[in-house]
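Peer 1: Going from the sequence shown to the working numbering is simple: count from 1 and add 18.
Take this structure, written in structure tokens, and hold onto it; I'll ask about it next.
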Amino acid sequence: MKISSRDLFLRTKSKAENWGWRVFTNFLPLYFTDKHFENLYRQKRDPWNYEQSDFEREKYLKTLEAIPEEVETIWEIGCAEGVFTELLLEQGKRVWGVDVSPTALSRAQERLKNFGDRVHLQKLDIAREDLEGTFDLILASEILYYLGGKEVLQPLEEKFYRHLRPSGYLLLCHFYPSGKIIHDLYQENHRFYKVAEEITYHPHRDYIITLLKKKG
Ligand SMILES: C[S@@+](CC[C@H](N)C(=O)[O-])C[C@H]1O[C@@H](n2cnc3c(N)ncnc32)[C@H](O)[C@@H]1O
């Protein structure tokens with residue numbers, strides 16, 4: 019198979035990010051602050067090119083496919099400008115989207131204005147703040163690796179557990195192989211068990227999607 023120079027660039031960048039994550043995990047929250055994300059959105063609309071990228075579209079569709087049919091309510095962590103939120107709403111789901119960036123949230127609000135009370139958007143720092151309510155599924159896509167190491171991710175396991183209804187789902191999607199370390203962490207306390215896991219080897223960037231289910 020012929021690999022384009024763009025694929026090569028993206029793969030090299032992804033490899034560096036995977037290794038960078040392992041080396042700098044504990045320092046990442048110092049860099050990836052709420053100000054960092056807010057500045058990113060102020061400088062540029064759709065900073066990760068979610069609207070146009072075929073790679074992201076394919077990843078979104080795979081993530082959608084992983085959602086069990088019975089799921090009606092979703093807490094989407096790091097909903098950004100609402101591109102994936104819109105796909106969830108088009109599937110008939112009710113979504114509570116949270117993000118640290120007010121600019122991203124106001125763009126999401128505009129994008130999703132026709133979905134009425136099926137969508138709620140809220141500014142919330144998942145590592146420091148909390149909300150009310152329980153959901154059928156919690157979705158964390160391309161966000162947990164920004165938050166830090168085990169000391170941040172493990173308390174989140176408790177938060178996710180608390181905000182899921184009995185037998186609710188936790189759906190995780192992150193780059194691979196580093197994302198697997200995060201996804202495995204959520205099974206360490208034996209309160210979630212794995213229902214499905216898929217690793218996609220993509221010319222741009224490998225990623226892993228894991229569906230966990232709350233015990234009991
Ligand atoms: C790479 S984007 C992923 C967006 C979306 N989940 C997706 O997969 O298309 C990460 C998002 O997480 C948000 N974010 C970062 N840290 C956060 C935190 N502590 N609490 C809530 N949102 C956060 C950022 O503002 C950004 O919109």
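Backbone N, C-alpha and C fix where the C-beta goes; we use that ideal spot for every residue, glycine too.
Please read all numbers here as calculations on a predicted model, not as lab measurements.
Return yes when the Cβ of alanine 126 is within less than 8 Å of the Cβ of leucine 139, no when it is not.
Peer 2: Position 121 of the sequence shown holds residue 139. Position 108 of the sequence shown holds residue 126. Yes, these two residues count as a Cβ contact at 8 Å.
Peer 1: Tell me the residue span of the beta strand (DSSP E) that contains threonine 218.
Peer 2: Residue mapping note: residue 218 aligns to position 200 of the sequence shown, counting from 1. Here the beta strand (DSSP E) through threonine 218 covers 210-218.
Peer 1: With 16 other CB atoms within 10 Å as the buried threshold, where does phenylalanine 55 fall?
Peer 2: Within the sequence shown, the letter at position 37 stands for residue 55. Answer is buried; the Cβ neighbour count reaches 16.
Peer 1: Relative to the C-alpha of leucine 230, which residue among Leu58, Lys168, Arg209, Glu160 is closest?
Peer 2: Counting from one through the sequence shown, the residue named residue 230 turns up at place 212. Comparing alpha carbon positions, the residue from Leu58, Lys168, Arg209, Glu160 closest to leucine 230 is Arg209.
Peer 1: What residue from His222, Trp37, Pro65, Gly234 has the CA that sits closest to serine 22's CA?
Peer 2: Position 4 of the sequence shown, counted from the start, is the residue given in the question as residue 22. Checking every option, the nearest Cα to that of serine 22 belongs to His222.
Peer 1: Here's the rule I'm using: 16 or more other beta-carbon atoms within 10 Å means buried, otherwise exposed. How should phenylalanine 42 be labelled?
Peer 2: Locating residue 42 in the sequence shown gives position 24, counting from the first residue. Under this definition phenylalanine 42 is an exposed residue.
Peer 1: Could you give the DSSP three-state label for alanine 84: helix, strand or coil?
Peer 2: Position 66 of the sequence shown, counted from the start, is the residue given in the question as residue 84. Here alanine 84 sits in coil by DSSP.
Peer 1: Could you tell me if the beta carbon of tyrosine 194 falls within a distance shorter than 7 Å of some heavy atom in ligand 1?
Peer 2: The sequence position of residue 194 within the sequence shown is 176, counting from 1. For ligand 1, not one heavy atom lies less than 7 Å from the Cβ of tyrosine 194.
Peer 1: Check whether the Cβ of tyrosine 163 sits closer than 7 Å to any heavy atom of ligand 1, and report yes or no.
Peer 2: What you label residue 163 is simply residue 145 of the sequence shown in a count that begins at 1. Incorrect: tyrosine 163 has no Cβ contact closer than 7 Å to ligand 1.
Peer 1: Between which two residues does the beta strand (DSSP E) carrying valine 118 extend?
Peer 2: Start at 1 with the first residue of the sequence shown, and residue 118 comes out as number 100. From DSSP, valine 118 is part of no beta strand (DSSP E); its letter is neither H nor E.
Peer 1: With DSSP collapsed to three states, give me the class of tryptophan 66.
Peer 2: On the sequence shown, position 48 is the one that residue 66 refers to. Coil, per DSSP.
Peer 1: Since glycine 197 is in the alpha helix (DSSP H), which residue starts that stretch and which ends it?
Peer 2: Counting from 1 along the sequence shown, the entry for residue 197 is found at position 179. 196-203 is the span of the alpha helix (DSSP H), which, as asked, contains glycine 197.
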